[in-house]
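Trainee: In full-length UniProt numbering, the protein residues as written are 1 to 122.
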């Protein structure tokens, strides 16, 4: 189990330090995967009923040659730590209930991209 509090604080802090708009609505994507499409589909239906936008599952191949089905559950929300952590914890539990892997969440930089510059190391 990931430390979602620490991960979320670090991610939000990095976005804001890079100049992302603190008042914007963010597309927060929660990632799920499993080898069994049917298990993923059951979870996707449950997430849809909870108000998440659910992407179509896609089959991906890993570096080791193994493959799995993946999809995202998406919600537009502000960049606030507590609700994102609560979602991550809830969705990790739902994934576990369905025997599916929860692979965390992510979002995108929001703001004037001209103000966003990557360092040479990034």
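Backbone N, C-alpha and C fix where the C-beta goes; we use that ideal spot for every residue, glycine too.
If you're wondering where the values come from, they're calculated on a predicted model, not measured in any experiment.
1. Here's the rule I'm using: 16 or more other beta-carbon atoms within 10 Å means buried, otherwise exposed. How should residue 56 be labelled?
2. Give the single residue among 14, 3, 21, 92 whose Cα lies nearest to the Cα of residue 78.
3. Check residue 95 in the structure and name its three-state DSSP category.
4. Helix, strand or coil for residue 73 per DSSP?
5. Using only the alpha-carbon positions, how far apart do residue 33 and residue 25 sit?
6. Can you confirm whether the stretch 46-66 touches the stretch 3-21 when touching is taken to mean that 3 or more C-beta pairs between the two stretches lie within less than 8 Å?
Mentor: By the coordinates alone:
1. When all chains shown are included, residue 56 counts as exposed.
2. 21
3. helix
4. strand
5. 26 Å
6. no
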